[in-house]
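Peer 1: Remember, my numbering sits 36 above the position in the sequence shown when you count from 1.
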Amino acid sequence: MTRISRIELTPVAFADPPLLNVVGVHEPFALRTIVQVHTDDGLVGLGETYAADDHLARLAAVAEVLPGLDVFDLNGLRRRVHDALASGGATQVGGMLNLQDPVDVVMSPYEVALLDLQGKQLDRPVVDLLGGAVRDEVPFSAYLFYKWAAHPGGEPGAWGAALDPDGIVRQARTMIDQYGFTAIKLKGGVFEPAQEVEVVRALAAAFPEHKLRIDPNCAWTVETSVRVARELEGVIEYLEDPTPGIEGMAEVARYTKIPLATNMCVIAFAQLKPAVLADAVQVVLSDHHYWGGLRRSQLLGGICDTFGMGLSMHSNSHLGISLAAMTHLAAATPNLTYACDTHYPWKTEDVIKPGVLPFERGSVRVPRGPGLGVELDEDALGKLHEQYLAGGIRKRDDTGYMRTVDPEFTPNTARW
Ligand SMILES: O=C([O-])C(=O)C[C@H](O)[C@@H](O)C(=O)[O-]
Ligand SMILES: [Mg+2]
Numbered sequence: 037m038t039r040i041s042r043i044e045l046t047p048v049a050f051a052d053p054p055l056l057n058v059v060g061v062h063e064p065f066a067l068r069t070i071v072q073v074h075t076d077d078g079l080v081g082l083g084e085t086y087a088a089d090d091h092l093a094r095l096a097a098v099a100e101v102l103p104g105l106d107v108f109d110l111n112g113l114r115r116r117v118h119d120a121l122a123s124g125g126a127t128q129v130g131g132m133l134n135l136q137d138p139v140d141v142v143m144s145p146y147e148v149a150l151l152d153l154q155g156k157q158l159d160r161p162v163v164d165l166l167g168g169a170v171r172d173e174v175p176f177s178a179y180l181f182y183k184w185a186a187h188p189g190g191e192p193g194a195w196g197a198a199l200d201p202d203g204i205v206r207q208a209r210t211m212i213d214q215y216g217f218t219a220i221k222l223k224g225g226v227f228e229p230a231q232e233v234e235v236v237r238a239l240a241a242a243f244p245e246h247k248l249r250i251d252p253n254c255a256w257t258v259e260t261s262v263r264v265a266r267e268l269e270g271v272i273e274y275l276e277d278p279t280p281g282i283e284g285m286a287e288v289a290r291y292t293k294i295p296l297a298t299n300m301c302v303i304a305f306a307q308l309k310p311a312v313l314a315d316a317v318q319v320v321l322s323d324h325h326y327w328g329g330l331r332r333s334q335l336l337g338g339i340c341d342t343f344g345m346g347l348s349m350h351s352n353s354h355l356g357i358s359l360a361a362m363t364h365l366a367a368a369t370p371n372l373t374y375a376c377d378t379h380y381p382w383k384t385e386d387v388i389k390p391g392v393l394p395f396e397r398g399s400v401r402v403p404r405g406p407g408l409g410v411e412l413d414e415d416a417l418g419k420l421h422e423q424y425l426a427g428g429i430r431k432r433d434d435t436g437y438m439r440t441v442d443p444e445f446t447p448n449t450a451r452w
């Protein structure tokens, strides 16, 4: 029996461009925690998660109670995470709208690391532990953002500015030329809805064969959402989080044929029943980082299937360990039939050795090596940890950063 001997948690910061969204703008560095689970027979399993300081404290509390656990005992993992959080009084993670389940959020990187270890021990890829691959490559979408040319006072990056239809179409062209994506997602909620609809139409004209989506992160009222949905019927494959809350989404859904997708009002198992009863959501965006890991995400997939809801995949700024985990999960989930979101093209630094996760025709081939099939680059990990220590960011704060440029800025949620 292989048992956990110790845990290493390494917060890292990696360069991030000034991408705009409803709550502000991405800071110069995005944060992640790299989780290494060591075993008594010398194996190391990898996981990746958020790195806000309160989350890091919970990860550390759990790390103390994991030594001795059998790497195949995922139920035991959940129990230990639950008990450690309960004894620390953590009932809420304080994340997105306070709706996430803290046990699922904290458990996720450990579950991924244990699956990585199981795969390494059995010499099988993680996808095989999840029931086997239903697809050999996983399609991702081109994730477009309005963006500034440079961070305030910084050097312009490779992508340039994108603040109007031409800029966004140019960004799409570059990303599609480089990665081959066949679906496009526009992050909206930055400009007035009419302006963003114009951009979606420009994308539809420039890429008539591509599937399109827009995600304003709840920037619109119910009335505006219904109007925009009507304007975009036949143009987009789904409309993501136009308005806040299950009730608001249900109201919009009554007046449009476009499926409504969410990674904001259904982000934990407790919200599935009310969403199903209200028929508020037609596509759930899974995200193993807060749905409790890969196997709980598969459970979510089964529930979506049972209730006739579609399933797609959400992303946040992430590195290669997460991309590998997302790819294994998507490859083993039959009803994950939409191209998954990924922020991967926006990053220029990573903690894994390159070459295992290339994008071809917009898809990532499922790694066939043991476990997740990725290898940690210790030097790169050290460098990005130094960057974390020197950079001073301890929690993502898009709004605070935006206010350094525009002190009057208020997040745009349900504003239009
Ligand atoms: O689909 C989404 O809502 C996201 O991808 C959330 C992210 O935080 C996105 O808004 C971002 O990176 O600014
Ligand atoms: Mg979203």
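Idealized CB from N, CA, C, for every residue including glycine.
Just so it is clear, the structure is predicted and the values come from calculations on it, not from any experiment.
For the stretch 137–144 against the stretch 338–354, are there 3 or more C-beta pairs whose distance is under 8 Å?
Peer 2: Because the criterion of three Cβ pairs below 8 Å is not met, the stretch 137–144 and the stretch 338–354 do not touch.
Peer 1: Does the beta-carbon of P192 have 16 or more other beta-carbons within 10 angstroms, so that it is buried, or is it exposed?
Peer 2: Your numbering for residue 192 matches position 156 in the sequence shown. Exposed, by the Cβ-count rule.
Peer 1: Taking 7 Å as the cut-off, is the CB of D213 close to at least one heavy atom of ligand 2?
Peer 2: As a position in the sequence shown, residue 213 is number 177, starting the count at 1. Flag unset: Cβ of D213 not near ligand 2.
Peer 1: Please report the Cβ distance between L153 and T69, rounded to the nearest whole angstrom; I am assuming they are in contact, meaning their Cβ atoms lie under 8 Å.
Peer 2: As a first step, residue 153 is located in the sequence shown; it is residue number 117 there, counting from the start. As a first step, residue 69 is located in the sequence shown; it is residue number 33 there, counting from the start. At roughly 18 Å, the Cβ-Cβ gap does not stay under 8 Å, so L153 and T69 are not in contact.
Peer 1: Pull up the DSSP beta-bridge partners for G391, would you.
Peer 2: For this step, residue 391 is matched to residue 355 along the sequence shown. BP columns for G391 are empty, so no partner.
Peer 1: At a cut-off of 7 Å, is H62 close to ligand 2 when judged by its beta-carbon and the heavy atoms of the ligand?
Peer 2: Reading the sequence shown from its first residue, position 26 is the one you call residue 62. No - ligand 2 has no heavy atom lying nearer than 7 Å to the Cβ of H62.
Peer 1: Does the Cβ-Cβ distance between L417 and T46 come in under 8 Å?
Peer 2: What you label residue 417 is simply residue 381 of the sequence shown in a count that begins at 1. What you label residue 46 is simply residue 10 of the sequence shown in a count that begins at 1. It is a contact, given that the beta carbons lie within the stated cut-off.
Peer 1: Under a Cβ-count criterion, where at least 16 other Cβ atoms within 10 Å of its own Cβ denotes burial, should G130 be classed as buried or exposed?
Peer 2: To locate residue 130, count along the sequence shown from 1; it is residue 94. With a pLDDT of only 44 at G130, under the threshold of 50, the placement of this residue in the model should not be trusted; the figure read from the coordinates follows. Classification for G130: exposed.
Peer 1: Using a Cβ-based criterion (distance less than 7 Å to any ligand heavy atom), does L425 qualify as near ligand 2?
Peer 2: Here residue 425 refers to the residue found at position 389 when the sequence shown is read from its first residue. Checking every heavy atom of ligand 2 against the Cβ of L425, none is found closer than 7 Å.
Peer 1: In chain order, what residues place their C-beta within less than 7 Å of a heavy atom belonging to ligand 2?
Peer 2: Going by the Cβ distance cut-off, the answer is D251, N253, E276, D277, N299, M300, L321 and H350.
Peer 1: In three-state DSSP terms, what is I429?
Peer 2: In the sequence shown, counting from the first residue as 1, residue 429 sits at position 393. DSSP places I429 in coil when its eight states are reduced to three.
Peer 1: How about L420 and V387: do their beta carbons lie closer than 8 Å?
Peer 2: Here residue 420 is taken as the residue at index 384 of the sequence shown, counted from 1. Here residue 387 is taken as the residue at index 351 of the sequence shown, counted from 1. Their beta carbons are under 8 Å apart, which means L420 touches V387 by this criterion.
Peer 1: Figure out for me which residue from E63, I40 and S261 has the closest Cα to the Cα of R439.
Peer 2: Here residue 439 refers to the residue found at position 403 when the sequence shown is read from its first residue. Out of E63, I40 and S261, E63 has the C-alpha closest to the C-alpha of R439.
Peer 1: Consider the C-beta atom of H379 and the heavy atoms of ligand 1; say whether any pair is separated by less than 7 Å.
Peer 2: One-based indexing of the sequence shown puts residue 379 at position 343. It does: the Cβ of H379 is within 7 Å (strictly closer) of some heavy atom of ligand 1.
Peer 1: Between the alpha carbons of G196 and V107, how many angstroms are there, rounded?
Peer 2: Locating residue 196 in the sequence shown gives position 160, counting from the first residue. Locating residue 107 in the sequence shown gives position 71, counting from the first residue. Cα to Cα, G196 sits roughly 46 Å from V107.
Peer 1: Can you tell me whether S177 is helix, strand or coil according to DSSP?
Peer 2: Within the sequence shown, the letter at position 141 stands for residue 177. Coil at S177, not helix or strand.
Peer 1: Nearest to V205 by alpha carbon, out of V98, E234, A289 and R263?
Peer 2: As a working note, residue 205 is residue 169 in the sequence shown. Closest by alpha carbon: E234.
Peer 1: Hey, out of L165, E273, G190 and M285, whose CA is closest to T260's CA?
Peer 2: Position 224 of the sequence shown, counting from 1, holds the residue named residue 260. Per the Cα distances, M285.
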